[in-house]
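Taking it in order: structure first as structure tokens, then the write-up.
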Amino acid sequence: MRAICLIVLCLNLLPFLAHSAPAENSPAETTNHFVSLFQEQFRCATLPELLRPLLKRQQGLGFEVAFKEEKRIQLLKRPLHSAGELVFLPDKGLYRKLTQPFRQELIVNRDFILHRDDDGEITRMATDKQPVARAFTESFLTLFSGSWPDLTNRFDANFTATSQGWQLGLRPKLPVMAKIISAIVIEGQGDQLHRLWVIEANGDLTVDDYLQPKFLTPDQARERLPLFQWPK
Amino acid sequence: MVSKKGAILWAIVVTVLSVLAWYQVGYHWNIRTDILELFPKNERDPSLATLRQMAAGKLGQTVAVVVSDPDPATAKMAIRQLGPMMESSGLFSEVNWNHQGAEKAFKDFYWPHRYQFVSPDVRALLRDGSAHTNLLRHLERELRQPTSPFVTVFLKDDPLLLFAHQLESWNRVAGKMGLDDGVLGVSEGGRFYGFISAKLAGSPFDEAEQSRLEDEMAGWQVILRSRHPQVEVLTTSVARFASAARRGMEEDMNRIGLYSTLGILFLVLVVFRSVKHLLLTLVPLAVSIWCALGLSLAVFGELHALTLVFGASLTGVCVDYGNIFFTHHRMTPSWDAVKTMRALLPALWLAALTTIISFAALAFTPLAGLQQIAFFSSCGILLAFLTVVFWFPLCFRQSHPLAAKSSGTFRLSRWPMEFWTKHRTTALITVAVALALTAKGLINLNINDNPTALSAPGAALMAEDSRIRELIGAGQTHGNIVVRGKTAEEALQNMEKLQDVLAQAETRGWIDPAVSLSYFLPSKKRQEEDARLLSGLLTHENEIRGRLDALGLPEENIQAFFLALKQNHAPPILPETWLSNPVSAGLRDLWLGNTADGVALLVQLRQIHDPAKFKAAIASLPGVAYFNQEEDLTRLLGRYRVSATWLVAMAYSLIFVLLLWRYGWRGIAVIIPCLLSAAITVGMIGLCRSPFTLMHCLALLLVLGMGVDYSIFFAEGDPNKDSTTFLCIVLCCGTTVLSFGLLSFSSQAALHAIGLTTMIGIISAWLLAPIAIHARKRA
Numbered sequence: 000m001r002a003i004c005l006i007v008l009c010l011n012l013l014p015f016l017a018h019s020a021p022a023e024n025s026p027a028e029t030t031n032h033f034v035s036l037f038q039e040q041f042r043c044a045t046l047p048e049l050l051r052p053l054l055k056r057q058q059g060l061g062f063e064v065a066f067k068e069e070k071r072i073q074l075l076k077r078p079l080h081s082a083g084e085l086v087f088l089p090d091k092g093l094y095r096k097l098t099q100p101f102r103q104e105l106i107v108n109r110d111f112i113l114h115r116d117d118d119g120e121i122t123r124m125a126t127d128k129q130p131v132a133r134a135f136t137e138s139f140l141t142l143f144s145g146s147w148p149d150l151t152n153r154f155d156a157n158f159t160a161t162s163q164g165w166q167l168g169l170r171p172k173l174p175v176m177a178k179i180i181s182a183i184v185i186e187g188q189g190d191q192l193h194r195l196w197v198i199e200a201n202g203d204l205t206v207d208d209y210l211q212p213k214f215l216t217p218d219q220a221r222e223r224l225p226l227f228q229w230p231k
Numbered sequence: 000m001v002s003k004k005g006a007i008l009w010a011i012v013v014t015v016l017s018v019l020a021w022y023q024v025g026y027h028w029n030i031r032t033d034i035l036e037l038f039p040k041n042e043r044d045p046s047l048a049t050l051r052q053m054a055a056g057k058l059g060q061t062v063a064v065v066v067s068d069p070d071p072a073t074a075k076m077a078i079r080q081l082g083p084m085m086e087s088s089g090l091f092s093e094v095n096w097n098h099q100g101a102e103k104a105f106k107d108f109y110w111p112h113r114y115q116f117v118s119p120d121v122r123a124l125l126r127d128g129s130a131h132t133n134l135l136r137h138l139e140r141e142l143r144q145p146t147s148p149f150v151t152v153f154l155k156d157d158p159l160l161l162f163a164h165q166l167e168s169w170n171r172v173a174g175k176m177g178l179d180d181g182v183l184g185v186s187e188g189g190r191f192y193g194f195i196s197a198k199l200a201g202s203p204f205d206e207a208e209q210s211r212l213e214d215e216m217a218g219w220q221v222i223l224r225s226r227h228p229q230v231e232v233l234t235t236s237v238a239r240f241a242s243a244a245r246r247g248m249e250e251d252m253n254r255i256g257l258y259s260t261l262g263i264l265f266l267v268l269v270v271f272r273s274v275k276h277l278l279l280t281l282v283p284l285a286v287s288i289w290c291a292l293g294l295s296l297a298v299f300g301e302l303h304a305l306t307l308v309f310g311a312s313l314t315g316v317c318v319d320y321g322n323i324f325f326t327h328h329r330m331t332p333s334w335d336a337v338k339t340m341r342a343l344l345p346a347l348w349l350a351a352l353t354t355i356i357s358f359a360a361l362a363f364t365p366l367a368g369l370q371q372i373a374f375f376s377s378c379g380i381l382l383a384f385l386t387v388v389f390w391f392p393l394c395f396r397q398s399h400p401l402a403a404k405s406s407g408t409f410r411l412s413r414w415p416m417e418f419w420t421k422h423r424t425t426a427l428i429t430v431a432v433a434l435a436l437t438a439k440g441l442i443n444l445n446i447n448d449n450p451t452a453l454s455a456p457g458a459a460l461m462a463e464d465s466r467i468r469e470l471i472g473a474g475q476t477h478g479n480i481v482v483r484g485k486t487a488e489e490a491l492q493n494m495e496k497l498q499d500v501l502a503q504a505e506t507r508g509w510i511d512p513a514v515s516l517s518y519f520l521p522s523k524k525r526q527e528e529d530a531r532l533l534s535g536l537l538t539h540e541n542e543i544r545g546r547l548d549a550l551g552l553p554e555e556n557i558q559a560f561f562l563a564l565k566q567n568h569a570p571p572i573l574p575e576t577w578l579s580n581p582v583s584a585g586l587r588d589l590w591l592g593n594t595a596d597g598v599a600l601l602v603q604l605r606q607i608h609d610p611a612k613f614k615a616a617i618a619s620l621p622g623v624a625y626f627n628q629e630e631d632l633t634r635l636l637g638r639y640r641v642s643a644t645w646l647v648a649m650a651y652s653l654i655f656v657l658l659l660w661r662y663g664w665r666g667i668a669v670i671i672p673c674l675l676s677a678a679i680t681v682g683m684i685g686l687c688r689s690p691f692t693l694m695h696c697l698a699l700l701l702v703l704g705m706g707v708d709y710s711i712f713f714a715e716g717d718p719n720k721d722s723t724t725f726l727c728i729v730l731c732c733g734t735t736v737l738s739f740g741l742l743s744f745s746s747q748a749a750l751h752a753i754g755l756t757t758m759i760g761i762i763s764a765w766l767l768a769p770i771a772i773h774a775r776k777r778a
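In order, the protein sequences belong to chains A and B. Everything in the first sequence is counted per numbering that gives the first Met the number 0, starting at 0 for the first residue and increasing by one. Everything in the second sequence is counted per numbering that gives the first Met the number 0, starting at 0 for the first residue and increasing by one.
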């Protein structure tokens, strides 16, 4: 099955999808969790000092992290749980491997999305064909790139911090992205990432808990390269 | 014949023909510019040829416009400004720029049919019975992807994502561009390229239509750039290519016609030093071109621009007969016009006859444009010849004032003769070297039958066209398939059979995805089959229910899905409904419609990587015919080049027989210079590594027709009037080179081929013509 083609296709038909699923009240506005974060007073155009060490460490390097994901799709009676690991290399893109409840691998970079199922079948989809898909993957990659200018180019950023940690709220600037994603919130403490929230325009929510995030040394990054080298 | 009565009679004929020409030019002026119209129709399958023309006609009206800017929002804004301007111009019958409405129309049209029209992938799964497990597995995985927002919207009403799979199949054939905020576009190299396609309301070959399109496009570009300085507009259309070809031909016609006329007039002035000769030179020219134009329009109803350009170069031949008479006038102190004309008549008749034979031979080619040229030229030559014969003796009663003095041109004209007589060894060595080089050239001859070798558009135009093709994902080498059926249903079923083969060919890498209506308009039979296959899912109802429930899908949604599957009573998608719906916009060109044989559809192929295997795979399919205009024309032109070679050989043989009849075996000496000049011409083309095309081959007929005249003048020449004969020949050669030879500077590849061949051939014929003197010496 051409799973990734399907995703990209759906991205491409975004305006149609918007007809099917008009955005309801944004969870970011209804979830108590983020009401304060997205207030105007927390808008930030410049890089917050607290994030500086994290981005400084992240920039130019890769990182890897194990994650546990909970996806709350409004239509479904119960959330979907999964687990796996992410590897991000600035030159190669994002590698995402699901290990629970089944094995599934994904590579996302600026030019294409590659998908490998547990039966080994690989599907490739070039995103240059799909402007919306490209916008989505680029936005996604920007999240992990550690580049504040790139981030604020694509998102309106809000930032708050307490003794418990910090929250970076991102709302897409591109209208086509805003039709899909209402907001993304990254939570962390010091120079550690803890959690990623993806709040969708249709009310669905995804929460990724990051476990033991690790910045990669150049040698470690080299060791992870085979993850991005799939047979053609 | 040479009398006052004859002159009056000829004046009446010329007056009648002039009136006819005036009427034809005034009321039936119809000039075609499409170079492809010069080529023959497909005689094997006339209905297929008609369909090809229908396809070419429909596709030929398309105007593709790409608007780009580094900022996608600006590019989209420019598209939204240009689109309405194009719509309100009245130039187009259809302008596709706003795809907002089309998206909703797509959903509204196809969504109710999601249980009777599935994607090829899902159909394959349903056929092998593995659909339920694969679709459920796919769903479970999709929901856990970061990109899940794009599939969850279908979940409520289409839990197995059947419609989403259908969208995917459409997307795969949609080319490189995608929909972005209601605009069809693609981001590449830091720019966003938005696409507008439009259909010309009129013919792309209509001159007024072409001019309006170019003016409007230029105006719109200025407006867009004034609003968005970084905006760039690329455009391509058949109209633009045709316009460029027409402009090129017009410019060539004006330029070559002017230089040719000026050159000839200069030559006449230098040799005869008389305004009267100068003015009278123009008379046979005017009569021949004007009357031949009228006759050609009356016979063909239309003329190709190439015929006109070629006609303009007839000047070189038409002035020959006058020049021969003038030369005798110039060089004869004891002048008697009527007596001289009567003496010249055999040579003039023979020269005119051989030239007409060679031109008329063009009429036996199946190429429509060449038939026009043959008719135009033969008429023109005959008219010029008769004008000279009937009128000129009456215009020159007195001898030329400089008749007793030798001309400087005469001294020059003697040079080839002196070379042959005084430097025989050198001359023979030169000929031997030329023949050796010719042999080398013939071995290296690069025969090229591709039509692009005859019609090469400007590099800038080609680059723009290639860029647009690249952006929209259409390759340069593509073909088309016509699918036919007695009814629309049969045609659609035939196309579906073809589609299965196309899918296999795509999997094997023989072709890139083709654009076919099968993806969008299923036959009734296919819809019934899809509905039947989908109902097979009901046999796995419990398993599907269980897994959807495990995912957390509410019972009412699961219930609704199975109910919809069981009560699938949506009316079938019918061609007439589809054609009248906005969803078919941009795809209607593929519906060629009713023909004499039934209904025809078109499948567009983007790239064919393995033509041989692909053609073999579709060869036995019912109602399916593959065609590629370029390939077909290459094959046809190749065939006609071979035929033309035989034609050339036959024309040379015919003229040789005529010469044998006139001179006996001494006629060999008359034909040898022509044969050698033809061989040297082909050899030189090969030596220069220029492609040798059908046009080069046909131009050899001209080399024969005009070149043999020089040999005839030598053979027929009075030994006591060699100076006059030499001057005649140098004048004829000079005027021919000035007219036909100048065509080698034409931007039109076909004219260039004719010009180059004629120039080399005629100069060779002039240099070798003294060989023909042997025919005279032995007489």
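Backbone N, C-alpha and C define an ideal beta-carbon position, used for all residues, glycine too.
With 16 or more other Cβ atoms inside 10 Å of its own Cβ, F725(B) counts as buried. In the three-state scheme derived from DSSP, where H, G and I count as helix and E and B as strand, M416(B) is classed as helix. Counting the other CB atoms within 10 Å of its CB gives V316(B) a total of 16 or more, which places it among the buried residues.
At least 9 Å separates the CB of K496(B) from every CB of chain A. Beyond the five residues adjoining it in sequence on each side, P71(B) comes within less than 8 Å, by CB distance, of D179, G184, S186 and F191 in the same chain, given in chain order.
Exclusion of the five residues before and after K91(A) leaves F227 as the residues of its chain whose Cβ lies within less than 6 Å of its Cβ.
Per DSSP, the unbroken alpha helix (DSSP H) holding Y258(B) starts and ends at V237 to F271.
About 30 Å separates the CB atoms of L653(B) and I255(B); that is not less than 8 Å, and the two are not in contact.
A6(B) and L767(B) have their C-alpha atoms roughly 37 Å apart.
Shown here for L552(B): same chain residues with a beta carbon closer than 8 Å to its own, the five before and five after excluded, namely L154 and P158 in chain order. The criterion of a C-beta distance shorter than 9 Å is not satisfied by V598(B) and F519(B). Relative to the Cα of I711(B), the nearest Cα in the group S676(B), K720(B), A668(B) and L497(B) belongs to A668(B). Residue environment analysis places I106(A) among the buried positions, since at least 16 neighbouring C-beta atoms fall within 10 angstroms of its C-beta. Judged by DSSP in its simplified three-state form, G164(A) adopts strand.
Counting only Cβ-Cβ distances below 8 Å, L550(B) has contacts in chain A at L75 and L79, in chain order. In chain B, no part has a C-beta under 8 Å from the C-beta of D208(A); the shortest such distance is about 15 Å. Beta-bridge annotation (DSSP): L195(A) is paired with I185(A) and D207(A). Between the stretch 748-758 of chain B and the stretch 322-339 of chain B there are fewer than three inter-stretch CB-CB distances shorter than 8 Å, so the stretches are not counted as touching. Comparing C-alpha distances from M124(A) to each of L113(A), G61(A) and N108(A) shows the shortest one belongs to L113(A).
Taking 9 Å as the cut-off, the beta carbon of S118(B) is found closer than this to the beta carbon of L161(B).
The residues C696, in chain order, have a CB closer than 8 Å to that of T644(B) in the same chain once the five nearest residues on each side in sequence are set aside.
L142(B) sits away from T132(B), with the two beta carbons spaced by 9 Å or more. Bounds of any beta strand (DSSP E) do not take in T353(B); it lies within the alpha helix (DSSP H) bounded by A336 to A360. Here D717(B) is exposed: its Cβ has fewer than 16 other Cβ atoms, across all protein chains shown, within 10 Å. A direct Cα-Cα distance of roughly 7 Å separates I72(A) from P78(A). Linking T437(B) to L257(B) through their CA atoms gives a straight-line distance of about 34 Å.
In this chain, E68(A) is not harboured by any alpha helix (DSSP H); it is covered by the beta strand (DSSP E) spanning F62 to R71. Three or more beta-carbon pairs separated by less than 8 Å are not found between the stretch 38-46 of chain A and the stretch 186-196 of chain A, which leaves the two stretches without contact.
Residue pairing by DSSP leaves Q397(B) without any beta bridge partner. With the criterion set as a beta carbon lying under 9 Å from some beta carbon of chain A, the members of the stretch 137-163 of chain B are H137, E139, R140, E141, L142, R143, Q144, P145, T146, S147, P148, F149, V150, T151, V152, F153, L154, K155, D156, L160 and A163, in sequence order. Counting only runs of 4 or more residues that sit fully inside the stretch 636-713 of chain B, the alpha helix (DSSP H) segments are 666-686, in chain order.
The beta-carbon of V107(A) is placed less than 9 Å from the nearest beta-carbon of chain B. By the rule that beta-carbons nearer than 9 Å mark a contact, A200(A) touches chain B. Under the Cβ distance rule, P553(B) counts among the residues neighbouring chain A, one pair being separated by less than 9 Å. Look at K178(A) here: in three-state DSSP terms it is coil, with no helix or strand label. Proximity of D448(B) to chain A, defined by a Cβ-Cβ separation below 9 Å, is not satisfied.
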